[in-house]
Structures are given as structure tokens and as C-alpha cells.
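See below for the structure under consideration.
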């Protein structure tokens, strides 16, 4: 036994370079992999290919202008990024949004979460060689994007919210569209779900692969569905409720299996819960102004903020935090973004040890990477 | 017991502990023993005359939050990688963009920018007018240069 181990030490490892243009890396992730046969011995992610230094750009702009850079961080869930930034900015500038705007934001954020998870599910299927679920997912996502187009004229980079409320009120037509969507989506979701779980290859490639122990997850500051799939019931929406999440009824899905399949199941259950939230919110949405008059468009660039605020929200990827430091000027002094994907990616150094190279693709698929957010 | 210079509550209602640089690691390990096992974020702030480093720590079971602040005049701060694994990439990012040197970090390289990049972009005195171009060498690694070269 000892002899064998010694032999292994002297065996030469093959170095393989995956990415940054590899289709399974969801953008521009580059993995330097050391292989012993087909077993991964060491994996080192190299990032920064999409780095634009959004933090510096935000420092050079007015508070209201920074919003579009947040849209382009997690570009598949722009609404959630906007909610995250505005939570911090509105606290710093003392401009709370009115009640109606908060409800609208919750609806948009949850629709955004469904859209982001659908993109993830489709792309994850592609990683494992399943082509058709990708189309099922994107057809459903397109319905959400049509709602977004109706609301603000843009599909992905919505730029819908603004400091002190939202840019436009929602009308009956949009409420009807959202209601129709919540009515027909649950059945379609089960169809997509079955397309995955009734596939034996999919199940055997994910069951028991990529086990992430809860204490390791905390050490690496993993958040979001990945943390919940490791058996820790933690969600910012419940732990530190923002907007009107404390007035809504929903559950936090948790799995104790800790593997790839657990992360898959948690994300699907999250979509079901999001539908539940949208259904409640669309009924409870109150009348009233959708915009705080303190933040009129003509006054927007004169807003001054002082002090330090850290606000965190639950984005589809995990805990999205924005740390704003103001010095009393019209531009922020320092903007710091806590991107959940970056921390979730850092755990691949631990998960990618002693697994088969094909499983490494499956593991990196379950992390849900969006490189606009990892590199910023 | 670690000496805390100042204890305040921030604008967002979070507890802020100010601590001298020498006592930083002792305070962080104290907090870790008290359940603050989740190091959420490390932020460097350029205050022109000095650099401020802010640690956001989180207790997941009791749902508590604490912010630890420290200052440095010589760009050097002890590294928290021995206590938290998440500090690894956070510190590399702050070294990359802010130029804070974390003493004791096992692999203090730039995280986003290529190693040959000149300057730290988030510093207030960083010259934005000097354009640096990124090229690739024969090993596939990036390097930065002031010379635009043929490709541009």
C-alpha cells in the first residue's frame, strides 16, 4: 500500500488547459487541470477575462448612473442585481421607495430568479450532453423576458428600477401577463424537471458526485443554493428580510445530500417557491405612487450620500452584497460588490480533487457561474 | 481579551469594531471561536493618507453580523488566510486592485489582472489616462504592456 502511494508521487501528471473558450465553462473560465490518467489531481481556476473593474467605474459616476453596470454583472438576472444595488444606495441617500414600488420589485426579482435558474438548468443539461431540456427551458424563459419587454422595453439588461422606486408603473396588461405565466408555468416546470430526472444517465452522473460538506462550504464563504444544498438553511430573504419579503409566505428549500443532484433539486424547488411568491405578490400589490418624489429625474444627479452602508440581498447565485462608502459628494467614494459566484467558484479547488475529468464539468455546471459577476 | 479601539453602530445598523492592526488576527480568531465562521467580504478603502481594511463577518446559526475595521499606513496587513479559506481570493483581489499587501498569504498574486500590470486601479492616485494593453505569450498566459503592438 505504501509502495503504491510512493509510486503515485513519482508518476508524472498531465497538465491540461480548459478554456477560456471552452463551451462547457459558461463564458470565460480557464481551468488549469493536473491529471493522473483521467483523474483530476489539482485544479486551478484562472479568472479575469471579463474584468471591467465595475467598482472603479461606479466611483467615477453619479449614484443613479451606476445602476447599468450592475445590470451587466449578473447579466441573466439583471433585476436582482438592481434590487441589490438600490438596497444599499437608497439607505445611503435616505430615499426609501414607496410601498407599491417595493412590491413591484419583489415580483420582478422573483421572475428574474426563475429566468436565471432556467438558464442555469438549460446550460447544465448541455454540459452533460442533454440538448432538448435546453430548449424547454429557454422557451419558458422567453415568456418572462416578454414580460420584461412589456414593462421596460428591454429583454435582459432591463435598467427598470431607479433610485426611489421604479421607472414605470405596471398596468393591467402586465398583471394579466404575469398571472397567465404563473398559471401555466408550474406544469411546464414539472415537464422540464421530468426531462432531467427521468434520464438515467443524468441521475447517475450527478448522484453522489461533488460532495460539499457544510463546514467546507462555510470556510469558503459559499452562499445561495450551494449552501442550502449542503444542509444549511440560510436565506437572506428570511435571515435579514428586505423589501416586503417578511409579508410573504414561502419556504426555503434545503437538501442534506450535499451532492450535485442536491444542488439541482434545490434550484428547481426555488423556482416553485418563486412562483408561489409571485402569485401572492400580484394579489397584494397596493395602489399608490411608484416613485419617491424626493428622487425626481431633475434632482437625480444632485443626490449626496454620506456614511457607510452594506446591504445584502439574495440573488439567484447567492448572497449579493453592495458596500457603499459616501463622502458627502455626488459620487460614491468607494463601491464594493460581494459577488456570490466568485466565492462559489473558489470552492472548485476543493471539489475538483480526485474526481474524473467528466465529473469536473458536471461540478462546475452546478456552481452556476456567470462571468459578468465573477470578474466584474 | 482583545483591545477594541472603538465600538459603533453603522448607518445600516451593523456593529462596527475598530481595532489596531496588531490585534486584528487575535480579534478575528476570537470572533471565529464565537461562531462568526463566515468571512463574507474583505474591502480595502483608499483614504489617501492611509488604507482602511474592512472585514464583514457573519454568524450563520445565530444570524448575527459584525464589521471589523483596521487601518494601515504602510500598505501592510496580516493575512487572515490561516483562519478563513475564503480570505484567500478576497485578499488576492484587494492586493490586485487596491495594492494592500497581506503578510503571510501563501500565494499573493493578482487575481484578475495579469502579473505584469503596473499600478493598482482602485487607488485614488491611479492614472486612468495611461492605457495598458493585454497580450498573450506563447504559454497562453496574459501579460500587460504599454506598447499597443501590431494587433491593435
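Protein chains in written order, with our numbering: chain A, 4 to 379; chain B, 158 to 309. We put the CB at the ideal spot given by N, CA and C, even for glycine. In this text, all values refer to a predicted model and were calculated from it rather than measured experimentally.
Any heavy atom of the ligand PLP inside 7 Å of the beta-carbon of residue i?
i                      : result
residue 106 of chain A : Absent from the structure shown: the ligand PLP. Ligands present: none.
Going along the chain, which residues of its own chain have a beta-carbon closer than 6 Å to the beta-carbon of residue i, five neighbours each way excluded?
i                      : result
residue 37 of chain A  : 16, 18, 44, 45
residue 91 of chain A  : 312, 314, 325, 327
residue 251 of chain A : 280, 283
residue 128 of chain A : 136, 137
residue 196 of chain A : 271
residue 67 of chain A  : 166, 303
residue 257 of chain A : 231, 236
residue 376 of chain A : 76, 77, 342, 344
residue 269 of chain B : 253
residue 143 of chain A : 121, 191
Using the Cβ count rule (16 or more neighbours within 10 Å means buried), how would you classify residue i?
i                      : result
residue 4 of chain A   : For residue 4 of chain A, the predicted model reports a pLDDT of 43, less than 50, meaning its position is unreliable; a value from the coordinates is still stated below. Label assigned to residue 4 of chain A: exposed.
residue 324 of chain A : buried
residue 167 of chain A : buried
residue 206 of chain A : exposed
residue 326 of chain A : buried
residue 80 of chain A  : buried
residue 187 of chain B : exposed
residue 266 of chain B : exposed
residue 179 of chain A : exposed
residue 97 of chain A  : exposed
residue 181 of chain A : buried
residue 244 of chain A : exposed
residue 275 of chain B : exposed
residue 297 of chain A : exposed
residue 176 of chain A : exposed
residue 305 of chain B : exposed
residue 287 of chain B : exposed
residue 204 of chain B : exposed
Spatial neighbours of residue i within its chain, please: C-beta separation below 7 Å, excluding the five flanking residues on both sides.
i                      : result
residue 312 of chain B : Here chain B comprises residues numbered 158 to 309, so residue 312 of chain B is not present and cannot be evaluated.
residue 89 of chain A  : 164, 166
residue 158 of chain A : 148, 151, 152
Just the C-alpha distance for residue i and residue j, rounded to the nearest angstrom, thanks.
i                      : j                      : result
residue 316 of chain A : residue 22 of chain A  : 31 Å
residue 154 of chain A : residue 70 of chain A  : 17 Å
residue 232 of chain A : residue 241 of chain B : 21 Å
residue 283 of chain B : residue 229 of chain B : 19 Å
residue 120 of chain A : residue 135 of chain A : 16 Å
residue 361 of chain A : residue 29 of chain A  : 15 Å
residue 170 of chain B : residue 239 of chain A : 16 Å
residue 83 of chain A  : residue 40 of chain A  : 42 Å
residue 160 of chain B : residue 319 of chain A : 39 Å
residue 215 of chain B : residue 198 of chain B : 10 Å
residue 243 of chain B : residue 165 of chain B : 26 Å
residue 302 of chain B : residue 285 of chain B : 15 Å
residue 212 of chain A : residue 289 of chain A : 46 Å
residue 291 of chain A : residue 357 of chain A : 58 Å
residue 178 of chain B : residue 72 of chain A  : 34 Å
residue 259 of chain A : residue 278 of chain B : 42 Å
residue 249 of chain A : residue 218 of chain A : 28 Å
residue 217 of chain B : residue 162 of chain B : 26 Å
Could you tell me which residues DSSP puts in a beta bridge with residue i?
i                      : result
residue 314 of chain A : A:325
residue 262 of chain B : Partner(s): none; residue 262 of chain B has no beta bridge.
residue 177 of chain B : Per DSSP, none; premise fails for residue 177 of chain B.
residue 165 of chain A : A:168
residue 172 of chain B : B:166, B:223
residue 315 of chain B : There is simply no residue 315 of chain B to check, as chain B begins at 158 and stops at 309 in what is shown.
residue 358 of chain A : A:43
residue 18 of chain A  : A:37
residue 292 of chain B : B:300
residue 372 of chain A : For residue 372 of chain A, which the question treats as bridged, DSSP gives no partner whatsoever.
residue 330 of chain A : A:309
residue 341 of chain A : A:324
By Cβ distance below 8 Å, which residues in the same chain neighbour residue i in space, the five residues on each side in sequence not counted?
i                      : result
residue 220 of chain A : 229, 230, 233, 235, 350
residue 63 of chain A  : 334
residue 307 of chain A : 96, 329, 331, 332, 333
residue 65 of chain A  : 303, 304, 306, 333, 334
Report task. List in chain order: all unbroken beta strand (DSSP E) runs of 3+ residues lying wholly within the stretch 40 to 76 of chain A. Result -> Annotation note: the stretch 40 to 76 of chain A contains the following uninterrupted beta strand (DSSP E) runs of length 3 or greater, listed N- to C-terminal: 42 to 49.
Query raised in the report: What beta strand (DSSP E) runs, 3 residues minimum, are completely inside the stretch 105 to 154 of chain A?
Result: As summarised for the stretch 105 to 154 of chain A, there are no continuous beta strand (DSSP E) elements at least 3 residues long confined to that stretch.
Query raised in the report: Considering only residues of the stretch 201 to 259 of chain B, which uninterrupted beta strand (DSSP E) runs meet the minimum length of 3 residues and lie entirely inside it, listed in chain order?
Result: Whole beta strand (DSSP E) segments, 3+ residues: 208 to 216, 221 to 229, 233 to 235.
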